[in-house]
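Heads up: the sequence shown at position 30 corresponds to 29 in numbering that gives the first Met the number 0, and the numbers run straight through without jumps. By construction, the Cβ of each residue, glycine as well, lies at the ideal position given by its N, Cα and C atoms. The next block holds one structure in the form of structure tokens; read it before the comments.
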Amino acid sequence: MAADKNGDGRLDAEELRALLKKHRGTFTDKEVEDLGEMFYAAKAGGSVSYDRFIHALDVKLGDEGEVGLDMGNHFKRAAGGHSVYSPEELDVKLTHTPPKTTTDKAAYYSTWLLPVWKSRFHGAFVLNRRDDLHAIDATLCSMALLRKGFDAATLWNIGELTQKKIMLRAIFLETIAAVPGFVGAMFRHFKALRTMERDGGWTNLLLEEAENEKMHLLAFIKMYQPGTMFRLAVIGGQCVFATFFGTMYVINPTYCHRLVGYVEEEACSTYTKIIGGIEAAPEGSELAAWRTQIAPAIGRAYWHLGEEGTVLDLMLAIRADEANHRDVNHLAAGMKPGQINPFFDPEAKLDKMLLKYAHDILDKTPEDVKLRTMGPSGA
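Structure representation (structure tokens):
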């Protein structure tokens with residue numbers, strides 16, 4: 000095999016990189032580097048026989064389960080950028096995870112003022128007396144009142160959408176949205192130090208979430224500069240929410256992740272409303288201008304929107320981010336201690352790489368040439 004530079008019949012990290020670089024239409028440079036780094040760390044600098052690698056391709060093509068490359072160590076390098084969303088990933092579906100446990104219900108009703116809320120996703124929810132006592136206390140109602148107050152202050156549900164109304168709401172929410180990931184990562188890092196155990200990849204993922212939310216803010220700031228009073232409100236909101244969230248994370252991390260999951264459901268709904276407003280705006284209106292207005296350079300670079308990426312493209316990418324945060328936090332709330340984070344699991348990442356590589360090989364290889372011809376007869 001051409002990639003077997005030293006002729007030992009085994010595939011190491013450098014040879015894997017060389018192999019993947021031959022398929023530039025399938026893998027980006029960043030994916031090649033990340034996969035090579037994960038392979039190196041997982042094998043502790045070792046290698047795998049080409050026979051085993053080819054068998055793994057056959058397994059993935061046959062959908063028989065895990066690849067069997069003995070990826071014992073769970074490792075993921077902190078992300079240095081953002082992947083490119085596919086059209087399917089940008090087509091976000093509004094979903095809702097119904098609350099089941101008392102903790103779920105407490106988190107769910109933390110985002111709403113009333114104990115009875117008619118959801119567009121799952122009909123009418125009417126709490127019983129016991130649930131009311133758990134869900135509606137002074138702290139939770141205060142948070143819900145703040146949310147309703149913010150809606151009223153920004154006139155979000157009154158009148159037509161405008162660029163200023165959208166920017167004020169989005170900028171404020173993103174200054175708060177970047178708090179949970181960082182707080183959660185900090186406490187999980189401390190726990191890993193106390194227990195002297197790995198955290199299953201959650202620290203890196205939560206830090207990545209916080210960084211991603213901050214990038215939303217930095218992109219929006221290039222489009223609109225808020226005034227002094229607004230910035231003072233941000234400081235106050237950050238102090239209150241960071242204190243509350245940090246305290247609750249010490250007491251009940253499950254509640255916090257479920258709460259973020261529900262908040263992100265609302266974020267998806269908010270960005271869907273914004274996107275719908277832009278797409279439906281009549282020609283010549285200020286919202287219609289965002290269909291063609293070039294997005295800030297920082298946004299085009301981070302989300303790989305291209306030189307002609309528009310504000311609408313930016314909003315679509317940000318909504319996809321929020322959907323990802325929604326799913327990740329709902330998953331985190333339902334996971335048991337010691338479970339590996341599947342969103343940050345290198346085995347799953349390498350499985351996906353193998354499948355992409357195998358399909359690319361099949362697309363480019365004549366029918367009479369089979370995968371078994373790719374490697375040496377022995378290892």
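If you count every other CB in all the chains shown that lies within 10 Å of the CB of residue i, and 16 or more means buried, which is it?
| i | result |
| --- | --- |
| Ala279 | exposed |
| Cys457 | The question about residue 457 has no answer here: the residues shown for the chain are numbered 0 through 378. |
| Thr227 | exposed |
| Cys267 | buried |
| Arg318 | buried |
| Ala294 | buried |
| Glu14 | buried |
| Leu205 | buried |
| Ala296 | exposed |
| Gly180 | buried |
| Phe171 | buried |
| Arg257 | buried |
| Asp28 | exposed |
| Phe229 | exposed |
| Tyr223 | exposed |
| Thr246 | exposed |
| Ile277 | buried |
| Ile165 | buried |
| Leu192 | exposed |
| Thr102 | buried |
| Leu231 | exposed |
State the DSSP-derived secondary structure class of residue i, mapped to helix, strand or coil.
| i | result |
| --- | --- |
| Arg9 | strand |
| Val47 | strand |
| Thr161 | coil |
| Met37 | helix |
| His22 | coil |
| Leu90 | Looking at the sequence provided, one finds Asp at residue 90 rather than Leu. Coil, per DSSP. |
| Met228 | helix |
| Lys221 | coil |
| His95 | coil |
| Arg16 | helix |
| Val327 | helix |
| Val83 | coil |
| Lys29 | helix |
| Glu102 | Note that residue 102 is Thr in the sequence shown, not Glu. Residue state, collapsed to three classes: helix. |
Among the options, which one has its Cα closest to the Cα of residue i?
| i | options | result |
| --- | --- | --- |
| Ser48 | Ile250, Glu32, Asp7 | Asp7 |
| Ser85 | Met185, His303, Glu212 | His303 |
| Ala287 | Thr102, Asp28, Leu160, Thr96 | Leu160 |
| Phe38 | Ala12, Phe26, Leu19 | Ala12 |
| Ala176 | Pro98, Leu231, Met214, Lys92 | Met214 |
| Trp201 | Arg299, Glu265, Val327, Ser46 | Val327 |
| Pro97 | Ala296, Leu18, Gly260, Arg230 | Gly260 |
| Ala316 | Phe244, Thr27, Phe243, Glu87 | Glu87 |
| Val91 | Thr246, Arg325, Gln237 | Arg325 |
| Val249 | Ser284, Thr271, Lys190 | Lys190 |
By how many angstroms is the C-alpha of residue j removed from the C-alpha of residue i?
| i | j | result |
| --- | --- | --- |
| Asp312 | Val262 | 23 Å |
| Leu10 | Asn203 | 28 Å |
| Lys163 | Pro225 | 10 Å |
| Ala169 | Ala332 | 25 Å |
| Asp136 | Arg16 | The pLDDT assigned to Asp136 is 44, lower than 50, so where the model puts this residue is not dependable; a value taken from the coordinates is nonetheless given after this. In a straight line, the C-alpha of Asp136 is about 55 Å away from that of Arg16. |
| Glu282 | Ile273 | 16 Å |
| Thr234 | Lys20 | Note that residue 234 corresponds to Ile in the displayed sequence, not to Thr. Rounded to the nearest angstrom, the two C-alpha atoms are 47 Å apart. |
| Phe240 | Phe26 | 40 Å |
| Glu306 | Gly35 | 29 Å |
| Leu18 | Phe219 | 40 Å |
| Gly308 | His95 | 30 Å |
| Asp320 | Lys221 | 19 Å |
| Thr291 | Gly275 | 15 Å |
| Val178 | Val31 | 31 Å |
| Pro252 | Gly199 | 15 Å |
| Phe244 | His22 | 45 Å |
| Leu93 | Glu264 | 7 Å |
| Glu173 | Gly183 | 17 Å |
| Ala209 | Lys99 | 27 Å |
| Thr269 | Ser46 | 48 Å |
| Ala322 | Tyr301 | 17 Å |
| Glu196 | Arg299 | 39 Å |
| Gln338 | Ser284 | 50 Å |
| Glu335 | Met314 | Correcting the residue identity first, residue 335 is Lys in this sequence and not Glu. C-alpha separation (whole angstroms): 34 Å. |
| Cys433 | Leu89 | Here the chain covers residues 0 to 378 and nothing more, so residue 433 does not appear. |
| Thr242 | Leu216 | 21 Å |
| Asn211 | Gly158 | 31 Å |
| His329 | Val310 | 29 Å |
**Q.** Completely contained alpha helix (DSSP H) runs for the stretch 236-315, where each covers 4 or more residues
**A.** Uninterrupted alpha helix (DSSP H) stretches at least 4 residues long and entirely within the stretch 236-315 occur at 252-279, 296-301, given in chain order.
Q: Give, in chain order, every unbroken run of the beta strand (DSSP E) that is at least 3 residues long and sits entirely within the stretch 164-216.
A: Those beta strand (DSSP E) runs which fall completely within the stretch 164-216 and span 3+ residues do not exist here.
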